[in-house]
Amino acid sequence: MELRLYNTLTRQLEVFEPQDPNRVTMYVCGPTVYNYVHIGNARPPVVFGVLANLLRRRYGRLVYARNITDVDDKINQAAREQGVPISAITDRFAQAYAEDMAGLGVEAPDLTPHATAHIPHIIAMIERLIDSGHAYAAEGHVLFSVASYADYGRLSGRDPEEMLAGARVEVAPYKRDPGDFVLWKPSTPDLPGWDSPWGVGRPGWHIECSAMAEAHLGDSIDIHGGGIDLQFPHHENEVAQSTCAHGGQVFARYWLHNGLLNFGGAKMSKSLGNVALVHELLTLHPPEALRYALLSAHYRQPLEWSDAVIEQSVRTLDRLYGTLRDLAGVPATEPIVPVAVESALCDDLNTPAALAELSRIAGEARKAESPIARASLKAELLGAGLLLGLLQQAPEAWFNRGTDAGDDARIQALVEERNAAKASRDFARADGIRRQLAEEGILLEDTPQGVRWRRA
Ligand SMILES: [Zn+2]
Numbered sequence: 001m002e003l004r005l006y007n008t009l010t011r012q013l014e015v016f017e018p019q020d021p022n023r024v025t026m027y028v029c030g031p032t033v034y035n036y037v038h039i040g041n042a043r044p045p046v047v048f049g050v051l052a053n054l055l056r057r058r059y060g061r062l063v064y065a066r067n068i069t070d071v072d073d074k075i076n077q078a079a080r081e082q083g084v085p086i087s088a089i090t091d092r093f094a095q096a097y098a099e100d101m102a103g104l105g106v107e108a109p110d111l112t113p114h115a116t117a118h119i120p121h122i123i124a125m126i127e128r129l130i131d132s133g134h135a136y137a138a139e140g141h142v143l144f145s146v147a148s149y150a151d152y153g154r155l156s157g158r159d160p161e162e163m164l165a166g167a168r169v170e171v172a173p174y175k176r177d178p179g180d181f182v183l184w185k186p187s188t189p190d191l192p193g194w195d196s197p198w199g200v201g202r203p204g205w206h207i208e209c210s211a212m213a214e215a216h217l218g219d220s221i222d223i224h225g226g227g228i229d230l231q232f233p234h235h236e237n238e239v240a241q242s243t244c245a246h247g248g249q250v251f252a253r254y255w256l257h258n259g260l261l262n263f264g265g266a267k268m269s270k271s272l273g274n275v276a277l278v279h280e281l282l283t284l285h286p287p288e289a290l291r292y293a294l295l296s297a298h299y300r301q302p303l304e305w306s307d308a309v310i311e312q313s314v315r316t317l318d319r320l321y322g323t324l325r326d327l328a329g330v331p332a333t334e335p336i337v338p339v340a341v342e343s344a345l346c347d348d349l350n351t352p353a354a355l356a357e358l359s360r361i362a363g364e365a366r367k368a369e370s371p372i373a374r375a376s377l378k379a380e381l382l383g384a385g386l387l388l389g390l391l392q393q394a395p396e397a398w399f400n401r402g403t404d405a406g407d408d409a410r411i412q413a414l415v416e417e418r419n420a421a422k423a424s425r426d427f428a429r430a431d432g433i434r435r436q437l438a439e440e441g442i443l444l445e446d447t448p449q450g451v452r453w454r455r456a
């Protein structure tokens, strides 16, 4: 089975062949940590996390890096507003990001490089670009000369005129060409800064990713991923910097871009005020349903984000976990990845097809009668779930979600009090407790093993 991926660079589906099958490399642009992230920022880690699972399954050895941008003017502004050093902001929100992603079932990448830990790498790369005539220093800045790289614009498929019109480039007296972009900029004493051959300053955003990819993954990487909103200028600039710093060697062999989230028909952005922070969503909805919803559309398509999508995901997971609960007595075997699920993912990460297959297998499992068929379908459900990052909790945990252990203990105590009331023939008290629990949405069931309770 071949893995085919849509390569933005060539604008076609290509069979994925790693440079070195014993060390597949993937870099995904991570967050700028100055605030909680919105749900749109969670799509790349979720979808590229599934790709990472698939690559590990197929090749064994994957080195996956997702960076943290911890020096940026938005961070500086937040630090100034709050009167704290930038590290107070970046430490806090890098941690919040890690927690949000864990909440969505995203496994941590192998490497999480931070920009501020790579300043010597960044400076060394800029020096190489200057030495090779691709960059120049001017008034404390260092700029990349776009005219020095003939393929500039190839990744985003734009000609230079359009790029200038679309990017609202800053015209500055120290630029030779308005399209030239900043590799290094000077810092005043109130801003974070590092010593460099060009004075105290800080890196531009694009050079970070080029330097960190080089430091951890090498000059030429297999897969570079990120949101389509980063294609230009961020990724275009990464290509220019890395290719020129490496004597023309290909920087990333496969470029993958995910589509954006739409929110009520309008592109999600903070300026529209329709922020949906992951941090908040995780308290309002079952986290696994948010993950399911993010995987419910093909990654390259826009995803219409709405409460309806989340509710539909909850209902689907109710059915899937309900099936697993029915199979609770079936002995668990090793998880099996169904061929149809793997082949859907190998078809440019077709997660909607993989999820449809999951529901189909669950349907078969509900109808299956022989113990062997039930065991193997259960193993397939769990195996497919493992690859997709779904169905890994106990069914009871899914159905009793959103509750804390203290509340469970309180309910259990009421159930026991009701049992005692019945035993002592205090039926008024027993009925009172049943009514109270019913009002809270707690259903009681008499079973041969005693009274069980569940949330409706
Ligand atoms: Zn990047």
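Numbering follows UniProt numbering, in which position 364 of the sequence shown is assigned residue number 364; successive positions increment by one, without gaps. In this text, a Cβ means the ideal position worked out from N, Cα and C, and glycines have one as well.
Where residue i falls, given that 16 or more other Cβ within 10 Å makes a residue buried
i, result
"residue 1", "exposed"
"residue 378", "buried"
"residue 161", "exposed"
"residue 41", "buried"
"residue 434", "buried"
"residue 13", "exposed"
"residue 196", "buried"
"residue 390", "buried"
"residue 283", "exposed"
"residue 105", "buried"
"residue 109", "buried"
"residue 287", "buried"
"residue 436", "exposed"
"residue 263", "buried"
"residue 158", "buried"
"residue 241", "buried"
"residue 397", "exposed"
"residue 258", "buried"
"residue 22", "exposed"
Heavy atom of ligand 1 within 6 angstroms of residue i beta-carbon
i, result
"residue 244", "no"
"residue 209", "yes"
"residue 29", "yes"
Rounded separation between residue i and residue j - CA only
i, j, result
"residue 255", "residue 210", "14 angstroms"
"residue 373", "residue 429", "47 angstroms"
"residue 178", "residue 88", "35 angstroms"
"residue 314", "residue 140", "54 angstroms"
"residue 147", "residue 180", "8 angstroms"
"residue 239", "residue 252", "8 angstroms"
"residue 414", "residue 58", "51 angstroms"
"residue 358", "residue 385", "8 angstroms"
"residue 128", "residue 213", "16 angstroms"
"residue 431", "residue 360", "42 angstroms"
"residue 17", "residue 376", "32 angstroms"
"residue 445", "residue 453", "6 angstroms"
"residue 155", "residue 217", "21 angstroms"
"residue 134", "residue 145", "5 angstroms"
"residue 120", "residue 203", "11 angstroms"
"residue 400", "residue 237", "48 angstroms"
"residue 412", "residue 418", "10 angstroms"
"residue 11", "residue 201", "38 angstroms"
"residue 34", "residue 96", "10 angstroms"
"residue 25", "residue 301", "24 angstroms"
"residue 345", "residue 54", "8 angstroms"
"residue 304", "residue 261", "6 angstroms"
"residue 512", "residue 150", "The first residue shown for the chain is 1 and the last is 456, placing residue 512 beyond what the model contains."
"residue 189", "residue 76", "12 angstroms"
"residue 15", "residue 50", "18 angstroms"
"residue 153", "residue 183", "18 angstroms"
"residue 448", "residue 354", "39 angstroms"
"residue 409", "residue 207", "53 angstroms"
Heavy atom of ligand 3 within 6 angstroms of residue i beta-carbon
i, result
"residue 307", "Here the bound small molecules are ligand 1; ligand 3 is not part of this structure."
| Unbroken alpha helix (DSSP H) runs of length 4 or more, entirely within the region 312–370: which are they? | 339–346 and 351–367
| said: Taking contact to mean 3 or more Cβ pairs, one atom from each stretch, closer than 8 angstroms, check whether the region 59–79 and the region 111–124 are in contact. | reply: yes
| 4 or more residues per run - each alpha helix (DSSP H) lying fully within the region 11–78 | 39–59
| With contact counted as at least three CB pairs below 8 angstroms, one residue from each stretch, are the region 220–237 and the region 10–30 in contact? | yes
| said: Whether or not the region 73–85 and the region 50–63 are in contact is what I'm after, with contact meaning three or more pairs of Cβ atoms, one per stretch, closer than 8 angstroms; do they touch? | reply: no
| Counting Cβ pairs, one atom from each stretch, are 3 or more of them under 8 angstroms apart for the region 326–345 and the region 292–300? | no
| query | Mind pulling the beta strand (DSSP E) runs of 3 or more residues that sit fully within the region 220–263? | reply | 221–227, 252–258 and 261–263
| query | Fully enclosed by the region 381–439, which alpha helix (DSSP H) runs are 4 residues long or longer? | reply | 395–399, 405–423 and 427–439
| said: My parser needs the beta strand (DSSP E) runs of 3 or more residues fully inside the region 107–177; what are they? | reply: 135–138 and 141–144
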